[in-house]
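Quick note on our numbering: the sequence shown kicks off at 12 and runs consecutively.
Beta carbons: idealized from backbone N, C-alpha and C, even for Gly.
Before any comments, here is the structure.
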Amino acid sequence: MQTVDLRKVFISFLIVLSSAWVNAQDPEQWFTLGNDFAHTRYAPSDELSPENFDQLEVAWEWDGASFGAVSGRATPSLVDGLLYTVAGYNRHVVAIDPKTGETVWSYREPKTPRAEYSMRSDYGKGVAFGNIDGRGVVVIVSPGFFLTALDAKTGVPLENWGEPIPIEGFPQSGVVDLLGDLGHPYDPYEGIPLETGYITSSSPPIVVNDTIVVGNSAEQGYHQARIENVPGDILAYDLRTGDFKWKFNVIPKPGEYGHETWENDAWEWTGDVSSWAPLSADPENDLVYIPTNSATIDYYGGFRPGDNLYGASIIALNASTGERAWHFQFVKHEIWNFDTPTAPVLMDLTVDGRDIPAVVQATKQGWLYTFNRLTGEPVWPIEDRPVPPSIVPGEVLSPTQPHVTWPEPYSLQGISEEDLLDFTPELKEQSLAAMEDYVMGGLFNPPIHADNPMGKYAAMNCPGGAGGVNITSPPVADPVNNVFYLSEHTACFALRLIPGEEADLLFPNSTGSTTAQYANGVPGATARPPRHPSGLPIWKPPYSTIVAYDMDTGEKKFTIPTGETPQRYKDVFEREGVSESVYGNTGTGALVPMVVTPTMLVYSDQASDGTPMLWALDKDTGEILAEIEAPARSSYGMSSWTHDG
């Protein structure tokens, strides 16, 4: 069994544990990052069950330390008897024998300054896989933004593929310099000048009907105070030759749909709107689904008035031509760091007697957005509703935002007095006192600036830019029973802006040259919310949950806390005189990787004492059926497959 680890790139058990569902539902393959093109992470084998779960033993460990691996944020693919993954800051591609854990081959791209600058270097997530006349091909996008195609058996770059790279050490075939097709001036070795912008990658591409579709990533918007950047345009290439096929402009140019949503001519010089989350696809209908980030920068958009398409959206494109089939913008003029964090999940639903080919997008906002994946029509109504305006000088927000009416939210959306820790009168009084300098409000509570007329320090935003569903816990889906499982947590942020020139001093060597009027006021994602004096989070538990939805009806099946209440929290509650019957299982507060099989839902988290654990749950009720200790906690997704057995 296999699980991704924080420090080792993954850990292997005698029975395979990971996650997936390929088109053919082959238990001996894990073809894409999410196993199938639908990104369900459904494992069709019933060989592993709650009855034999406690018999799992570690078979081998593969250590990525020699490749410089730190996060281990990857899900290995199993194709035709070999495991493939990425490791380290230079994103080495590695093939591993799934029976012994021995490295079969590895490929390392030569170092370049443009790769070393990448802030996403250790976050490759995995590889893509294609097939050319029976020959397996591993496809990878590097931190330096080179596309490479390797022979799956040998790791050798493909011959007569791509173009020669004019940098010492690069192979003369098998590589494409992606910067060349974006249309910005650049140096092959150094990359795009930082005053123009920067682009890299944090997810693998996807191969759809002999077309390689490439997403991308930019510098984190909360680490920026400057307004210039390059757009994260979507690129596509011929799998057989490496030839360029098409480009989709995520910031529409004059004459293109959505161009009018960029006022102040911001389309000419600002950017991002990248697709750093993985992509999904419907090969039968030749469609690829692109989840997008917001535009430069996070938390302030006064220099880019308008709704800013296609920021914070899902875009359905024809994989062969790049033509837009449909799109939906989740957040207009996005400033809350509500970028789309995980791959869309494709499911075939039956809703009120209607068969619907659907796509489901989990978000940081705490909503599941569900659409007909061919037409973009919402399966259940999504309503535009009024939201608060900004008081920050120069900022003009959209007066309305889309609100999902069904299914019900899975996360805390906004924060009010009723949500604060209040298990005793003293705890409640302390909560209110701690919140005096903060503006509470709903999901779209806007940031505030220093020296604001209210005299407040920051505005609360829940579930927060790191909350809801996020990077490390991709949802999973059972395509047989049409149940969707997600891991969420509350990670409220306090949004505080300071003058851009001051903020710029916090973020050295960032992209662009012109500072915004206002920008994020602290290094990192943003100011943390006030901590309760007791040491607990200021909001009530649970802090993290798994939520299951019947997607044929949209009804919740269950909500359960993840992991166990950390001992440090138990100690505080005991000191404050709050019994466990009152606070229950708080959950660890962490997002948890999962896999679903015909017999159970499995997830990775920690016990109260910090011991890494695997839990097996009843798929219908969330009841714990079995649990075992694990060598380490998974850090990105899980996969499950059988091999020689």
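- Shown here, P436 sits in a helix according to DSSP, grouped into three states.
- H500 is bridged by DSSP to G479, S555.
- Rounded to the nearest whole angstrom, the C-alpha separation of I217 and V187 is 16 Å.
- For D616, the number of other beta carbons within 10 angstroms of its own is at least 16, and it is reported as buried.
- Out of P154, L161, R131, the CA that lies nearest to the CA of I143 is found in L161.
- Per DSSP, R365 is one residue of the beta strand (DSSP E) stretching across 365-373.
- A contact is defined here as three or more CB-CB pairs under 8 Å, and the stretch 407-419 fails this definition with respect to the stretch 510-526.
- Taking the C-beta atoms as reference points, G621 is found no nearer than 8 Å to V583.
- In the structure shown, H234 falls within a helical segment according to DSSP collapsed to helix, strand and coil.
- Under the criterion of beta carbons closer than 8 Å, S129 and T211 qualify as touching, at roughly 4 Å.
- No Cβ-Cβ contact shorter than 8 Å links A444 with P458.
- Two segments are said to touch when three or more pairs of C-beta atoms, one from each, lie closer than 8 Å; by this definition the stretch 243-254 touches the stretch 219-235.
- Relative to the Cα of D309, the nearest Cα in the group P485, N63, G92, A477 belongs to A477.
- Here R507 carries a strand assignment [DSSP, helix/strand/coil].
- If you look at F255, you'll find it in the beta strand (DSSP E) that goes 255-259.
- Note: I151 is bridge-paired with T159 in the DSSP secondary-structure output.
- Of the candidates N481, P265, T303, Y248, Y248 places its Cα closest to the Cα of W257.
- Counting along the chain, K581 sits inside the alpha helix (DSSP H) bounded by residues 578-586.
- By the beta-carbon neighbour count (other beta carbons within 10 angstroms, threshold 16), Q441 is buried.
- By the criterion of a C-beta distance shorter than 6 Å, Y421 is surrounded in its chain by G377, E499, V558, once the five residues flanking it on both sides are discounted.
- Cβ neighbours of E170 within its own chain (closer than 8 Å, five residues either side excluded): S184, G185.
- Non-local beta-carbon contacts of P61 in its own chain, meaning distances under 7 Å to residues more than five positions away in sequence, involve T610, M611, A627, L636, A637 in chain order.
- The three-state secondary structure of R146, taken from DSSP, is strand.
- When Cβ pairs closer than 8 Å are counted between the two stretches, the stretch 423-440 is seen not to touch the stretch 353-369, the count staying below three.
- In the assembly as shown, T86 is a buried residue. Its beta-carbon has 16 or more other beta-carbons within 10 Å.
- Beta bridge pairing from DSSP links H344 with no other residue.
- DSSP places P124 in the uninterrupted alpha helix (DSSP H) bounded by 124-127.
- Rounded to the nearest whole angstrom, the C-alpha separation of L423 and I402 is 24 Å.
- Counting only residues of its own chain and dropping the five nearest sequence neighbours on each side, T653 has a CB closer than 7 Å to the CB of V27, P38, E39, S56, E58.
- CA-CA distance, V371 to M649, rounds to 19 Å.
- The C-beta distance from P540 to A505 rounds to 5 Å, short enough to meet the 8 Å contact threshold.
- For E640, there is no enclosing alpha helix (DSSP H); the enclosing beta strand (DSSP E) has its first and last residue at 635-640.
- Membership of S324 in the beta strand (DSSP E) is indicated by the continuous run 324-329.
- From the listed residues A288, V261, L290, the smallest Cα separation to G322 is found for V261.
- Within 10 angstroms of the beta-carbon of M465 lie fewer than 16 other beta-carbons, which makes it exposed.
- Taking C-beta atoms under 8 Å as the contact rule, I238 and A527 qualify, at a distance of about 5 Å.
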